[in-house]
Amino acid sequence: MSLWQWYRSIPPRTRMLVGVGVMSYAAAAMFITDRVEEKLGFVPTEKDKEDLQKAIPKITVVDRPNKDL
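In full-length UniProt numbering, the protein residues as written are 1 to 69.
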């Protein structure tokens, strides 16, 4: 039995609780990870931030001549 079949076979209320549980876990992880990173010393330096900005591709808009169709 695949995971999808198992999920579809459980009652709707249980599916809802599983979904809410997964979303709660994800939300808690998003709020907690910043604090954990600070305690472990994984805070980015200014040099890291500058290097990241340099790595982001720059987009330049070029006007095209108007083509009459």
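Cβ atoms here follow ideal geometry from the backbone N, Cα and C, with glycine treated the same way.
Values in this document were obtained by computation on a predicted structure and should not be read as measured data.
I'd like the list of long-range same chain contacts for residue i, defined as Cβ closer than 7 Å, with 5 residues on each side in sequence excluded.
i: GLU37; result: VAL43
i: ASP48; result: none
So residue i is in the alpha helix (DSSP H); what residue range does that whole segment cover?
i: ASP34; result: 12-40
i: ARG8; result: 3-9
Could you tell me how far apart the beta carbons of residue i and residue j are, in whole angstroms, since I believe they sit closer than 8 Å?
i: ASN15; j: TYR7; result: A small correction: the amino acid at residue 15 is Arg; Asn does not occupy that position in the sequence shown. Yes, ARG15 and TYR7 are in contact; Cβ-Cβ is about 7 Å, under 8 Å.
Leaving out the 5 sequence neighbours to the left and right, which residues in its chain are closer than 8 Å to residue i when beta-carbon positions are compared?
i: GLY19; result: none
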